[in-house]
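For the record, the sequence lines run as chains A and B.
For the first sequence, numbering that gives the first Met the number 0 gives the first residue as 0, with consecutive numbering after it.
For the second sequence, numbering that gives the first Met the number 0 gives the first residue as 0, with consecutive numbering after it.
The C-beta atom is built at its ideal place from N, Cα and C for all residues, glycine as well.
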Amino acid sequence: MWKHILFIWVAVSCLLPVAADEDTGEFMWSLRTPMHVEPPALTSLQHSARVHNPIDQFVLRRMEDAGLEPAPEAERLTLIRRAYFDLLGLPPTPEQVDLFLTDKSEDAWPRLIDSLLASQHYGERWGRHWLDVARYADSGGYETDIYYRNAWRYRDYVVNSFNNDKPFDIFVQEQIAGDELWPDNLDLDPRQVYIVSKEKQRHLEARIGTGFYALGPRIHESALDAKRLAYETLTDWADTTASAFMGLTLACARCHDHKFDPFTQHDYFSLQAIFADARELELPLWNSMGEADWRQNYPRVVAVQEAREACRLFDAEMQGNPLSPEQQARKQQLLAAIGQAVLNLPTATAGQETIPYDGLMHIPTASVLGREHPALIKPVHLLDRGELHKPQDHAQAALPASLAAATKTSLELPAPYGARKQFALWLTGKDHPLTGRVIVNRIWHWHFGRGIVETPNDFGNMGQSPSHPDLLDWLTTEFVRDGWKVKNLHRLIMNSSVYRQSSQFGPERNLAVDFDNRLLWRMNRRRIEAESLWDNVHSSAGTINLAMGGSPVVPPLAADEIASLRDKWHWVVSADPAQHTRRGIYILVRRNFKFPMFEVFDTPVTSQSCPVRDVTTVAPQALWGLNNRSVFRQAMHMAGRVIKEAGDDRTAQIVRAWRIALGRPPSDEELMSANKLLDDLEQSSPTPLKELPDSLKSAPPARAQALSKLCLALFNLSEFAFID
Amino acid sequence: MTIFPNRRDFVLHGGSGFGALALGDLLTAESRGAEKRSRNPLAPRPPHFPGTAKNVIFLFMQGGPSHLETFDHKPALRKYDGQLLPESLRDFDLAQINTADAKVMAPQFSFRKYGDSGQEISSLFPRLSEHADRLTIIRSMYHDLFIHGSAMILMHSGTRLLGHPSVGAWVTYGLGCESDNLPSYIAMTDSVFRNGASMYTSGFLPAVYQGTAMRAEGVPIQNLQRDADLTGGEQRLLLDQINAWNRNHRETRPADSRLDARISNYELAFRMQTAAPELIDLSGETQATRELYGVDDGPSAQFGKMCLMSRRMVERGVRYVQLISSDWDAHGDCKGNHEVQARKIDQPIAGLITDLKQRGLLDSTLLVWIGEFGRTPIRQGSNGRDHHPYGFSAWMAGGGISGGTTIGSTDDFGFNAVEDKVHVNDLHATMLGLLGIDHAELSYYFEGRDHRLTDVGGMNNLAARLVRS
């Protein structure tokens, strides 16, 4: 009976998308202002001795209420691997492990976290998380998969933002409206300003954040279907904005009023209209040029853009009508002017004239948002069923009505210009019900493998409700009060005893009550992501190149891996072999052709914001580990490293190999079986290895090949790919 | 195959295969685990109702074959050759030419009626015509995308946008996998995949449902070949040791099925190293069979091999086979292009139908032939035709359908589908229907709503009409 009532209640509440409960006047949970809830009292907790910070109080409360036993703290070895992979996406070296294991001081753990947060590699790891949300890719997808030569500047901007602990509200503002919020970055023309101040340079950097909008999926099959292209661009911008920053899936409201959440089709097109006055453009980057180059390049790049704009204005004026001979001539003039402006681009840098360069390709620019010319702004219409050929009313830039009401704000936004600015400021207001909750939940998700809300891009009625609503609100209010500092949030989470629990724990009762571990009675074991696995293999081999930033790198592929690529020039291997072992985040992300190893290990679909990566376990992953030539090559490098670091003694070599790959020495049983395996392999002794790295050349051939194969086995262990 | 995705994702997404979780399940997150615990996302699942087909071979003609040169005979085009289209057809968007000023072009091939059913087919397909009584020709396909990229995505995933699962992924999601050694969904092309993996993607479905791109030559699946520096014996030695260590690792880690799945995947990978090359190895096929598919005849050799391999896949339990014949994009010379193209596929496809029939597999194997669109009735350049999505043709055979029938028609100019119109969503609904799947029920919750292969369409589901009574 009780179940039936509940069932009906849920069914009804799902069917009626109301922002506010009519009886109580209350908004749907995610639209209510987060409350600073007091953590449950220590004295009320059975396991109060486990409490390190308020997170534990919230989590233990629910756990104890459900009659669950918390897992004991994980071993220190487990903890250091967990922390390294979590914060850096890299394994600790055996020496780093030793340092931590022998550090008996009280604050060894918090100091470890601090040191990892100070590492430049932290930004690469956590920036990559954000890139999933930002549907990051270096190309447009669809048939032509056009290359975005500047997408990487946005990637580096994200990495730097995390490394600099940029307050998250600023991070959001920069991405949505960096140009409108700090308009002095528009004023860089050396004919008008003599010196670019430090502040202005910072604002210019911030504007690269709007690259968020310039790297979405895009059909670039000439200008065949311009109307549809424009519509689909706005659709991408509106949908990604809602998913990434607001944790809302508004996409369904494109075709009809949202069935489950309080959003109408009108709200949806008003959101699209916020972006109607924006356009993508190439911004010459003062910061990446010397001053001499800036003086030389900037006006000429702007001249190209102005020439192009003149042509677009002319086209808009003609509205596709047949041209008179005079108009034909005018059009020819305008096209010639573009050509001339391009030809005027410098062909050598002013700073170092000996370096030849192609002005068009090499002038550093970033793809960013700017203002569309007033005459070229196209009105946004509400579309019947979302169909382009059924335009209805003109849509004005506005906040979604239910959200405006929930935040007690007027829904109107200025237009043209200024709507993005106002929208970004509203979104990052300190009482905004979504922005803080959504990012706090994402960060929790990235730490634990599951969010407090399991659907980080859907805080609506069809998303999962929070497992620990009080905790989410407490964390959110703390986070905002602390100035939106992400690194402090990491500290708070990782210093809790919840985070430090063992994953190797599974009493019958806990499993029976909460098999999914929603109540966090143990740590979730996690398969490391594709990029981390790549980094782990190369770190173990000692070949990883930790250089940061810059254009995407393109590692070589085997014939069977490249076979399915249509245009081989879409995968032009980086000329410098040192680039082939860069960290995974720097590998070219093509929408139409994923790096094959990444595809097998579940890097996200880049067509839309990805809140949660799939974690599949499939046979092609095993085939990669066993048979891929690049993995075997890394195994040989690792064998060379082992011999170099451990000397000729076989036992010492095995121990070293274990410590490099798994962070721990082998057990007696493992030592014995590894010895036996080496015996067998040394005796099988086939033809000598091909492509032997230098480090293995002086080793006895039988040992070199046996040890390489042992290292290959280590790369294939579950323990290598899973973090406890 | 014993493959598990992250169990949590699986539970979260309602891996039951069909439809959303019951609302009751959503109530208490804590209780959900127990019920779904043991399910393998690729385990074979019963259909919604008994279907007539068990397997699908999807023959995709990439580039857009002309309906007017193949299956849709329009004598009016001869009559009006060189003239403008009627006024009513002059305001349609096309990719490269203009309906307002391009001139009608007569069909480039003659048509004849074949078989007892008298199906009209052009002279391009002499072999296939012999099966006229087995074909159901749809002359009223339509949609509104005239660019290859988005039209191909529509044809494969039911929507024009990237990121949605392909038909084969939906079918695998719905019915599971029947082979122990091979993937359930295999895609092959005679060239390369335009649009990349979006032609066989699992989109927002868990990645276990992704198609496997298999090659007809050399190493059929990525990383399938043992490294040259490793002997077979050594690989086995390594594998046994890896498994032993992984089992020890597993023992101290309770309740984590991914670790079991990982161990069994290493064995599956080992078996695939034998099974996949065996699949594409045609040396065991008789000379008669090779001739049937035109495997040794220059123009048809490549597609012939692919068709023969697809029969071998169906025999081995592969659920969904997708074969792509590329280069049908006849902007310049429709006649010349289609002559070359038809020679590549006519014998192979006819041979496939014959072979499936004589092995008793045709009744359970559905063949679907289609391009991303047809071609314009009006001329492009000297002798070409532009992309045309507003009316074009497809055919189906096998899979329990009666054949010898025609569905729908276009107007006199072959421009618009006018009668019994079949949208891509309708075609997909029909395919699912023949497999025993209700297209409106097969759904997956993602980004705020339940998605279907057929989106909000699929109303004109032909399945019931096509099945032999």
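Are residue i and residue j closer than 8 Å when you measure CB to CB?
i       : j       : result
A186(B) : G202(B) : no
V158(A) : F244(A) : no
S197(B) : N591(A) : yes
S392(B) : R342(B) : no
Y208(B) : T171(B) : yes
S550(A) : W151(A) : yes
V301(A) : I362(A) : no
Y156(A) : G208(A) : yes
G380(B) : G331(B) : yes
G114(B) : I436(B) : no
Y79(B)  : A416(B) : no
A396(A) : A374(A) : no
M154(B) : V423(B) : yes
According to DSSP, simplified to helix, strand and coil, what is residue i?
i       : result
D449(B) : strand
Q385(B) : It is worth fixing the name first, because residue 385(B) is Asp in this sequence and not Gln. Three-state result, D385(B): strand.
A397(A) : strand
A277(A) : strand
W244(B) : helix
R31(B)  : Because R31(B) sits at a pLDDT of 32, beneath the cut-off of 50, its placement in the model cannot be relied upon, and the following sentence gives the value as read from the coordinates. Three-state result, R31(B): helix.
K102(B) : strand
I451(A) : coil
Q500(A) : strand
M458(B) : coil
R590(A) : coil
D678(A) : helix
R467(B) : coil
K258(A) : coil
Using the rule of at least 16 other Cβ atoms within 10 Å of the residue's Cβ for burial, across every protein chain shown, is residue i buried or exposed?
i       : result
M671(A) : exposed
L465(B) : buried
Y121(A) : buried
G303(B) : buried
R582(A) : buried
M458(B) : exposed
F48(B)  : exposed
H72(B)  : buried
A511(A) : exposed
D481(A) : exposed
R246(B) : exposed
What are the boundary residues of the beta strand (DSSP E) that residue i is part of?
i       : result
H393(A) : P390 to A394
V367(A) : T364 to R370
N54(B)  : N54 to M60
R524(A) : Taken as a continuous stretch (DSSP letters only), R524(A) belongs to no beta strand (DSSP E), as it is neither H nor E.
G370(B) : T364 to G370
A416(B) : A416 to E418
E119(B) : Q118 to S121
Quick one: give me the first and last residue of the alpha helix (DSSP H) that residue i is part of.
i       : result
F719(A) : S717 to A720
S263(B) : S256 to I279
P468(A) : P468 to R480
L344(A) : Unbroken run through L344(A): none, as it is neither H nor E.
Y141(B) : Premise fails: Y141(B) lies in the beta strand (DSSP E), T135 to Y141, not in any alpha helix (DSSP H).
I169(A) : F167 to L180
K112(B) : That residue, K112(B), is in no alpha helix (DSSP H); its beta strand (DSSP E) goes F110 to Y113.
Name the chain E residues whose beta carbon is nearer than 9 Å to that of residue i?
i       : result
V466(B) : Of the protein chains in the structure, A and B, none is chain E.
Should residue i be counted as a contact of the ligand HEM given a C-beta to heavy atom distance under 7 Å?
i       : result
L233(A) : Questions concerning the ligand HEM fall outside what the structure shown contains, since it holds no ligand whatsoever.
Could you give the C-beta distance for residue i and residue j, rounded to a whole number, given that I count them as a contact under 8 Å?
i       : j       : result
F108(B) : L123(B) : 6 Å
P182(B) : V317(B) : 7 Å
F631(A) : A254(B) : Not really, about 34 Å apart at Cβ, beyond 8 Å.
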